Structure formats: structure tokens, C-alpha cells
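Let me begin by presenting the structure, written as C-alpha cells, before commenting on it.
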Amino acid sequence: TMLGVITTDALVNSDVWRKMVQISVNRSFNQITVDGDTSTNDTVIALASGLSGSISISNINCHEAMQLQACLDAVMQGLAKSIAWDGEGATCLIEVTVTGAESEAKAAKIARSVASSSLVKAAVYGRDPNWGRIAAAAGYAGIPFHQNDLRIMLGDILLMDNGQPLSFDRSAASNYLRKAGEIHGTVGIYISVGDGPGSGQAWGCDLSYDYVKINAEYTT
Amino acid sequence: VAASSSSSMSEASNYIPAAPIFLPEGPWQQIPGGVTAAKGFKAAGIYGGLRAKGEKPDLALVTCDVDATAAGAFTTNMVAAAPVLYCKNALDISKTARAVLINAGQANAATGDAGYQDVLESAGALAMLLKLKPEEVLIESTGIIGQRIKKGALLNSLPKLVNSLSPSIEGAGSAAVAITTTDLVSKSVAVESQVGGTNIKVGGMAKGSGMIHPNMA
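Given below as C-alpha cells:
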């Protein structure tokens, strides 16, 4: 279960605030995954006191609304990433960035499909630069794209381009994963699926033996 | 009393380490404080005897000095917990809220009418203490599915929780610890930026480590 409470002293009317909060949730908490199980209790409550003295925001398309939306996105993404970083048994945070999709929503869906893949998560834990699993998870996300446009990078190492695997320095790629695991750092997976305007991100963590151990014993 | 409650707040807020927070780049700077950074908010986290094991703080409260514009996003899981159903109803009734009460230890999910009544009773008791309308109190619960909240312990702890409220960094930190379950770290962050030329603050706290694949709407 994830829970969140967000507060601000900006002055914003109820309709706009409720839309903003949902947009931010879609760009943050709805883009994280640890185990693919959606809880019975997930909740985010967001309160705006209006005590900052800022002007009242009553239109979601005005400049001030965009400024507040950007701050809200940042706070929720910061918190969401820390949840994925603290996934049960995790040794590293996985950040999947997808570009070139037709829309933000489609890019986000591909990103979370990859971040959710147990095989990708296990490969990261095994320090295995497994481009095939990344490609497969992108491919079953339910979002059409030309497979010959698929490009995959692990950190700054190009694994796949134009839908074809490349020869790459395997030990360098594996070391990239190992180093991230040693410092509980971040593994970056960068995927391009074409030249569309849409980009999105998702966050997850690697799948370790500890996850099974923790959840075999935490009984309901 | 104030001195002892602030030392216990600081103790509570350090019960587990704080998570590294990966804030995206942008026209803001990170400031301390979490949910209490923004003007008008207070928070507290205490041990209320709700957890099955250990004495980590397990009851948190965030309040606003004024009617705050309120929004919520909730799990779309069909087996929605009692606090989720309650909050949806409360936000349908009221556009504003003044308090969020969070318990860790029992999810109060799959607990039927009795579980829902527990939520109503908790919200009502806190509303009376804070002199609010019940629908201005929102509730979040996390923990073991199928278990009702330890209502007696919760209700008995409310006066101490309310007395512990503070606009301080420790208040926010203790609340961020109190909402955790299997988390190894607490999650809390705040930023300061400008909206229309006026300084504003946005802050927040979160918990989560297992059963994580949110689809909130």
C-alpha cells in the first residue's frame, strides 16, 4: 500500500485543484511499481490552505496554474520515486524513460510495462543487461509502434537500435548494473519507439530473493 | 509539556532514516518541512499501540488552520478499504477539509460495515476534539488486510496526538514515520517556488514498499 498527504499554501479553487492533483498522480504515483499488486488502500489526499497570499487560481490553463502544476508534479514524483527506491528487497531504483510515442499517456504506459516486468526486474538484480526482456516488455504494453523504430539504452550504453540488437560491451553494461546495486542507486533504461512528441517515465526496483522472503512471511 | 512533546517528536521523526529524495530539476528549491512547510499546516506522529509488533509511531495527523481546498486520488481496486470509501463520500460532500488522520498496522479493508463504522467513529471523535464537522476529517489506513483498526487504542490516543500537533520540521518528520509499515525509510519532501510572483510552498509525505502498483483515480 502507498499512502500520501500533500499540502500547499497556494490559493486554488476546488475544481482546478482536483484536476491538478489527478494529473500529478498520473505522472508520479500511478507510474511506480514494485510488485504489480494494486492495493485495497492506495490513497493520496492533497490540501491547499491558500495562506500564501498568491492570486486565486481558477483556470487550469493559466500560467500560474502551470507553475503550481510543475511544483506538484515535482513533489509527487520525488515521493513516488522514493517509494520505488524503497521497494521490498530492492537493491536499486529502476527509472524507465520512453520517448517518441504518440502521446505522454502512451509513453507512460510503455514505461510502466517495462518497469513492471518481473523478468526485467530479475535481470537487473542479476546484473544482466537483458535487452530482449526490455524489448519484449515494451512490445506487450498494448501501445502500437514500429518495431524497427525501437532503440534501447542502459545508462549510456546502446543495446538496441532500429529494432536490432547491437554488439555492446557486455561487462561494461553488467558493471553499470552492479555499481548501481552496490550503492542502492538508479538504473536508467532509455527507450525510444519513434519520433512522436510523447514522452513518459516510470519507476520500479529490481526483484531480489528478499522480496519473496519478506512476503512469504508477512501473512494476512 | 511542550518541551517533552518536541523531544518525543524529534525522537519519532528519527525512528527510521529518511529516504533520499530524487527531485526533478525545475524552478523550485527543496526546503525542509514536508507536510508542515506550507503555511497553515501542522502535523504529528505518535505511538498509539496500533501496531502488531514494536513501538514505532503508528498514528499520524495532519491539520490545516483554515478550510483547505481538498482533493483525493484513490485505488480503483474493487476491494476498496473502508477509509477509501469514507474519503470518497466526504470529498463528495465537502470541497474543503481540515484534517487527515492516518493509522498504520491495520488496513481496515474487507472489514465490511463494522470497518466502515470504525472509520465514522474515528472521524467523529477527532472532529469533536478539533471542533470540526466530521466530513472535514479524512482518514487513511495501511497494514494487514482483513483486520479492523484497534479502535480503543486509536480513540484513546487522539488527545495526545492533537496535543502533539506542531508546525515544525519534527512534526512533519514524525508523521512521515508514523504512516510507514514495511518501509525501511520515511518519505517526506517540500519545495518553495513562485506562483504569479508570490512565494508558495508545496510539501508532502508518503509511505509504500510492498503491494505497490497504484492505479489511482
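These protein sequences, in sequence, are chains A and B. Numbering (the numbering used here) for the first sequence: 1 to 220. Numbering (the numbering used here) for the second sequence: 1 to 217. Just so you know, even glycine gets a beta-carbon here, dropped at the ideal spot from N, CA and C. Keep in mind it's a predicted model, so treat the numbers as computed, not measured.
Residues of chain A with a CB under 7 Å from the CB of residue i: which are they?
i: Q117 (chain B); result: Correct list: empty, because the minimum Cβ distance to chain A is about 18 Å.
i: V84 (chain B); result: N41 and T43
i: N199 (chain B); result: S52
i: S179 (chain B); result: The sequence given here places Ile at residue 179 (chain B); Ser does not occur at that position. Those are L3, listed as they occur along chain A.
i: A38 (chain B); result: T7, T8, D9 and S49
Residue i lies in the beta strand (DSSP E); which residues open and close that run?
i: C62 (chain A); result: Looking at the DSSP string, C62 (chain A) is not in any beta strand (DSSP E), and its letter there is neither H nor E.
i: I94 (chain A); result: L93 to G100
i: N14 (chain B); result: Premise fails: N14 (chain B) is in no beta strand (DSSP E) and is neither H nor E.
Which residues of chain B have a Cβ atom closer than 7 Å to the Cβ of residue i, listed in chain order?
i: S174 (chain A); result: Neighbours of S174 (chain A) on chain B: none; closest Cβ ~24 Å, over 7 Å.
i: A74 (chain A); result: L23, P24, G26, W28 and V191
i: K121 (chain A); result: What K121 (chain A) touches in chain B: nothing, since even the nearest Cβ is about 12 Å away.
i: T38 (chain A); result: T75, N77, H213, P214 and N215
Using a 10 Å radius around the Cβ and a threshold of 16 neighbouring Cβ atoms, would you call residue i buried or exposed?
i: V1 (chain B); result: Its pLDDT being 47, under 50, V1 (chain B) is placed unreliably by the model, and the measurement read from it follows with that caveat. So V1 (chain B) counts as exposed.
i: M20 (chain A); result: buried
i: I94 (chain A); result: buried
i: G53 (chain A); result: exposed
i: V79 (chain B); result: exposed
i: V16 (chain A); result: buried
i: A12 (chain B); result: buried
i: H63 (chain A); result: exposed
Below 8 Å on C-beta distance, what does residue i contact in chain B?
i: Y218 (chain A); result: T182 and G210
i: S116 (chain A); result: H213
i: I110 (chain A); result: Ordered by position in chain B, no residue passes the 8 Å Cβ test against I110 (chain A), which lies about 16 Å from the chain.
If I follow the unbroken alpha helix (DSSP H) through residue i, where does it start and stop?
i: P83 (chain B); result: A82 to I93
i: M153 (chain A); result: Per DSSP, M153 (chain A) belongs to no alpha helix (DSSP H); it is in the beta strand (DSSP E), R151 to L154.
i: G173 (chain B); result: I169 to A178
i: K109 (chain A); result: E104 to S116
Run down chain A in chain order and give the residues with a C-beta less than 9 Å from the C-beta of residue i.
i: Q194 (chain B); result: S54 and Q67
Flag this pair as yes or no: are the beta carbons of residue i and residue j separated by less than 8 Å?
i: A90 (chain A); j: T99 (chain A); result: no
i: G198 (chain A); j: A115 (chain A); result: no
i: G34 (chain B); j: M205 (chain B); result: yes
i: L50 (chain B); j: I149 (chain B); result: yes
i: G140 (chain B); j: V189 (chain B); result: The question names Gly, but residue 140 (chain B) is Glu in the sequence shown. Against a cut-off of 8 Å, the Cβ pair of V189 (chain B) and E140 (chain B) comes out as no contact.
i: T7 (chain A); j: A38 (chain B); result: yes
i: Q222 (chain A); j: R112 (chain A); result: With chain A covering only 1 through 220, there is no way to say anything about residue 222 (chain A).
i: S174 (chain B); j: P57 (chain B); result: yes
i: S164 (chain B); j: I46 (chain B); result: yes
i: V191 (chain B); j: C71 (chain A); result: yes
i: G105 (chain B); j: A52 (chain B); result: yes
i: G210 (chain B); j: N215 (chain A); result: yes
Can you name the residues of chain B whose CB is closer than 9 Å to the CB of residue i?
i: A77 (chain A); result: Correcting the residue type first, residue 77 (chain A) is Gln in the shown sequence and not Ala. The contacting residues are F22, L23 and P24.
i: I103 (chain A); result: Here residue 103 (chain A) is Ser; the residue named in the question, Ile, does not match the sequence. Residues of chain B passing the Cβ test: none, with the nearest at roughly 18 Å.
Check the Cβ of residue i against every Cβ in chain A and list those closer than 8 Å, keeping chain order.
i: I102 (chain B); result: L3 and V5
*Unbroken stretches of the alpha helix (DSSP H), 4 residues or longer, contained in the stretch 64-150 of chain B*: 82-93 and 112-130
*asked:* Which complete alpha helix (DSSP H) runs does the stretch 8-44 of chain A hold, if anything under 4 residues is left out?
replied: 14-27
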